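Data first, discussion second: the structure below is written as structure tokens.
This is the structure:
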């Protein structure tokens, strides 16, 4: 008997897709960013989701697994010039820079879902920049983005493809922003939780989180190549020169008191990792990016920040997977 299923339910009046695999399930909300609001396995909720829909609408980048395209993180003052075209993006009233692209707070269209023993349970969605006047006003490079969440053998896979559907070259960057509870359980302590980031270097940032343009070998709090207790440290930093195994780089997060260890992996399309662990929110994020923050402006300074230039019809494709591991990290 097949163990996979896909069920469409209701979430505060919005459709929500539940992918099932035995005692493991994920919940996807197409109507607001195609965001994964929950990933529960063996009775453990791995994702830090919103308390309700209004909280997610108020802060769509603050819960679940936001998808970031056509740029992850910040573009300084929302300004850049690419291939002779000058661009001015909207900037939030509460921050100096544009951030996280255009797709995390908009409605996606579901175009496929299903289940099979070979393929697991999946749901696929897409969004087109041309369908939003607000996006086309700011971003003169038409794109289509598709994503598939796939649950198989207890592992959550996210497969994303961004395509330039315009007639000119397009600057592109892709990222995801998974939120995990820190600590995992109420009776655990944040200080005891351990983080691991498999990367040899990081990008030093200015106070406003824009890279200086230098790359520095990891040391001190930035050397997370072996698991390190977070203690009272906070992070909002970008790592690079990632260490790969079989074409995948990874980060790990362990809560020893809860007996849980999560691994987040990204394929070779992603060359940066952001770790975000603020002091004012009980979360940690491991964010795989194809480029660093403000890569389009670094590119004009002839600094390789990972910016991808997509020719018409060309796509940027990447996959991320999340799993709950057995045992403790070494």
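Numbering (my numbering), first residue to last: 2 to 331. Even for Gly, the Cβ is constructed at its ideal location relative to N, Cα and C. Just so it is clear, the structure is predicted and the values come from calculations on it, not from any experiment.
Starting from residue i, trace the beta strand (DSSP E) both ways and give me its first and last residue.
| i | result |
| --- | --- |
| residue 256 | 249-256 |
| residue 345 | With the chain running from 2 to 331 in the structure shown, residue 345 is simply not present. |
| residue 145 | 144-153 |
| residue 87 | 86-89 |
| residue 222 | No beta strand (DSSP E) holds residue 222; DSSP gives it neither H nor E. |
| residue 311 | 309-311 |
| residue 264 | 261-268 |
| residue 166 | Taken as a continuous stretch (DSSP letters only), residue 166 belongs to no beta strand (DSSP E), as it is neither H nor E. |
| residue 231 | That residue, residue 231, is in no beta strand (DSSP E); it is neither H nor E in DSSP. |
| residue 22 | 15-22 |
| residue 83 | 80-83 |
On a Cα-Cα basis, can you pick out the residue from the options that is closest to residue i?
| i | options | result |
| --- | --- | --- |
| residue 317 | 241, 265 and 173 | 173 |
| residue 306 | 324, 240 and 19 | 240 |
| residue 302 | 215, 267 and 105 | 215 |
| residue 135 | 304, 16, 89 and 47 | 89 |
| residue 260 | 326, 76, 224 and 315 | 326 |
| residue 17 | 126, 83 and 284 | 126 |
| residue 264 | 280, 285 and 5 | 285 |
| residue 97 | 315, 109, 77 and 322 | 77 |
| residue 113 | 232, 248, 119 and 124 | 124 |
Report buried or exposed for residue i, applying the criterion of at least 16 other Cβ atoms within 10 angstroms of its Cβ.
| i | result |
| --- | --- |
| residue 70 | buried |
| residue 28 | buried |
| residue 269 | exposed |
| residue 86 | exposed |
| residue 331 | Confidence at residue 331 is low in this model, with a pLDDT of 45, below 50, so its placement is unreliable and no value can be given for it. |
| residue 13 | exposed |
| residue 128 | buried |
| residue 213 | exposed |
| residue 262 | buried |
| residue 183 | buried |
| residue 40 | buried |
| residue 205 | exposed |
| residue 334 | Shown here, the chain extends from 2 to 331; a query on residue 334 therefore has no answer. |
Need the endpoints of the alpha helix (DSSP H) that residue i sits in, please.
| i | result |
| --- | --- |
| residue 139 | 134-139 |
| residue 300 | 296-301 |
| residue 59 | 54-59 |
Mind checking whether residue i and residue j have CB atoms under 8 Å apart?
| i | j | result |
| --- | --- | --- |
| residue 271 | residue 291 | yes |
| residue 37 | residue 203 | no |
| residue 159 | residue 148 | yes |
| residue 297 | residue 142 | no |
| residue 313 | residue 165 | yes |
| residue 31 | residue 175 | no |
| residue 267 | residue 319 | yes |
| residue 223 | residue 254 | no |
| residue 256 | residue 310 | no |
| residue 68 | residue 33 | no |
| residue 177 | residue 238 | no |
Below 8 Å on the Cβ atoms is my contact criterion, and I expect residue i with residue j to pass it. Report the Cβ-Cβ distance as a whole number of Å.
| i | j | result |
| --- | --- | --- |
| residue 194 | residue 227 | That belief does not hold up - the Cβ atoms of residue 194 and residue 227 are roughly 15 Å apart, past 8 Å. |
| residue 210 | residue 107 | No, residue 210 and residue 107 are not in contact; Cβ-Cβ is about 24 Å, not under 8 Å. |
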